[in-house]
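Presented below is the structure to which this report refers.
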Amino acid sequence: PVEQIKDYAAEDADITIQLRDYLAPKLEAGGPALLKLFREVEAPLVQVLADIEFAGVRIDPDFLGEYSSELAVQIAGLEKKILEEAGFTFNVASPKQVGEALFDRMKIPYTGRKMKSGQYSTDEDVLTGLAAEYPICADILAHRGLQKLKSTYVDALPALINPRTGRVHSSFNQALAATGRLSSQNPNLQNIPIRTPEGRKVREAFIPRDEDHLLLSADYSQIELRLIAEISGEDAMLEAFQKGLDIHLSTAARVFEVSLDEVKPEQRRAAKTVNFSIIYGAGASNLSNQLGIKRSEAKELIENYFRQYAGLKKYMENTVDFARRNGYVETLLGRRRYLRDINSRNGMMRSMNERIAINTPIQGTAADLIKVAMVNIRRAMIDGGFQSKMILQVHDELVFDARKDEIERLKPIIREKMQTAIPNLKVPILVEMGTGKNWLEAH
């Protein structure tokens, strides 16, 4: 009833005006780029997100019910196997009992520190480090993964379907993540698993609204790596993208000093790991763990990498220097992230802020890029009289509930708006698209 909500709504409006009067001068003081970002990207994006939230996503509860039963059988099978491997009974779902079973009763060597409670840690890092030598550890990890998948997604999603619309309506936050990325909650649809076949299967439950529609997925290809090349101005990396080369193959050829044809699969895998890790500040220890190699080998790999990509090393040094002098870093569109501890005397805090300084212009520009694309796509869809709807944004991917008879007209518009969201880039921006009867098929 209006009587019950009028005071609450009036308070919202009043506080919004007070905040505007406080924040507007700060925005103007940030300069024209920051003001333009707010007026041309963030403000119009509010309506885009409102439309997405209102449209919602159709979920197939029958599919999830069947999948839940399948997972229950797999989980029970893994539990039986784990107890047989141990030779005694314990609660596989209890971290405390798992620690006691593995390290006290089975005498598996424990090299980590005990927690404050005196318990053994059986977190993912600990068990992953033991999994190759002790299969029971791999099975416990698999058991936990399936249990989480079942409870967090497969069993939870059907309960979140709105009974009036038959759809799930998530809430998107556009001003929560410091990088500018969007996040979603109630439920978090940006976190639907994709790394494992079991996780990917959850996406089969996301379906179009009816027989006249298909789901259409549009995904930026390797966008952060492309933006690393763009923002750092690293010539060799830019050239690889401009020539349409496989960037991981190209990196492997350079780092291991072989021709493209001579690159071995394990060398490409190593190069891929380095490409994605270096910009997040991964050092030799981290890289050696990821690749399963000696720390000295990882150190040499990093040195070779920066020898080949000297422009990237220079970018990292210049960006940290800029952050130290100014207290913030910026994206290509002028979004700022302030770093209070960039000059901290605390080495750990300072190092963390240096990593953030290097990464934010890249992650933040990727966020700006897709936000601009979303605003421009919505405008084009309204102008074109489309009935198809944008229903999801998952980091570098947009998902549409598309009318079958509009798809061929819609695809080039989406591609063009995504590729040209930030004009005049040196690096080519590629968009991969697909359609299907569910999200997995479309992706």
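Under the working numbering, the residues of the sequence shown are numbered 45 to 487, in order.
Using N, Cα and C, we set each Cβ at its ideal position, and we do this for glycine too.
Where Glu476 is concerned, the enclosing beta strand (DSSP E) starts and stops at Val475 to Gly480.
Of Glu123, Asp148, Val212 and Ile49, the smallest CA-CA separation from Ile96 is found for Val212. About 6 angstroms separates the Cβ atoms of Glu242 and Leu190, confirming a contact at the 8 angstroms cut-off.
His187: not part of any beta strand (DSSP E); member of the alpha helix (DSSP H) spanning Pro179 to Leu193, first to last residue. When DSSP reads this structure, Asp445 sits in a beta bridge with Leu259 and Lys433.
For Ile291 against Phe285, the beta-carbon gap comes to about 7 angstroms, under 8 angstroms, which counts as contact. Around the beta carbon of Tyr111, 16 or more other beta carbons sit within 10 angstroms, so the residue counts as buried.
Of Glu114, Met392, Ala424 and Ser329, the smallest CA-CA separation from Lys455 is found for Ala424. Looking at the DSSP output, Tyr372 shares a beta bridge with Tyr382.
The DSSP-derived three-state label of Ser227 is strand. Gly100 and Met392 have their C-alpha atoms some 42 angstroms from each other. For Asp183 and Ser113, the gap between their C-alpha atoms comes out near 20 angstroms. Scanning Ile466, Ala367, Ser388 and Ile435 for the CA closest to the CA of Ala411 turns up Ile466.
Apart from sequence neighbours up to five positions away, the residues of its chain that approach Tyr349 with a beta-carbon distance below 7 angstroms are Val299, Val318 and Ile322, ordered along the chain. When the Cα atoms are used, Gly162 and Leu146 turn out to be separated by approximately 15 angstroms.
The DSSP-derived three-state label of Tyr111 is helix. Taking C-beta atoms under 8 angstroms as the contact rule, Glu86 and Gln218 qualify, at a distance of about 7 angstroms. Here Glu123 has Val136 and His187 as same chain residues with Cβ atoms under 8 angstroms from its own Cβ, once five neighbours each way along the sequence are excluded.
Nearest to Ser388 by C-alpha distance, out of Ser294, Gly371 and Ile402, is Gly371. Counting other Cβ atoms within 10 Å of its Cβ, Asp279 stays below 16 and is therefore classed as exposed. For the options Asp385, Ile406 and Pro405, the alpha carbon positioned closest to that of Met396 is the one of Asp385. Take Arg244, set aside five residues on each side of it, and the residues of its chain with a beta-carbon closer than 8 angstroms to its own are Pro237, Ile238 and Leu484, in chain order. DSSP, read as helix, strand or coil, puts Arg239 in coil. A residue is called buried once 16 or more other Cβ atoms fall within 10 Å of its Cβ, and Val302, having fewer, is exposed. Inter-residue distance for Gly288 and Asp256 is about 36 angstroms (C-alpha atoms, whole angstroms).
C-alpha of Gly428 to C-alpha of Leu81: approximately 25 angstroms in a straight line.
Judged by DSSP in its simplified three-state form, Phe320 adopts helix. Secondary structure at Phe366: helix, using DSSP grouped into helix, strand and coil. Excluding its 5 nearest sequence neighbours in each direction, Ile402 has C-beta neighbours in its own chain below 7 angstroms: Ile323, Gly325, Met360, Thr363 and Val364, listed in chain order.
Contact between Leu259 and Asp445 holds, since their C-beta atoms are separated by about 6 angstroms, short of 8 angstroms. Straight-line measurement puts the Cα of Leu331 at about 6 angstroms from the Cα of Ala342. Contact fails between the stretch 305-319 and the stretch 435-442, because fewer than three Cβ pairs, one in each stretch, are under 8 angstroms apart. Between Asp104 and Glu310, the CB-CB gap reaches or exceeds 9 angstroms.
In this chain, the alpha helix (DSSP H) harbouring Val46 covers Val46 to Ala73. Going by DSSP, Ile346 is part of the alpha helix (DSSP H) stretching over Arg339 to Gln352. Of Pro405, Arg399, Ile400 and Phe366, the smallest CA-CA separation from Arg379 is found for Pro405.
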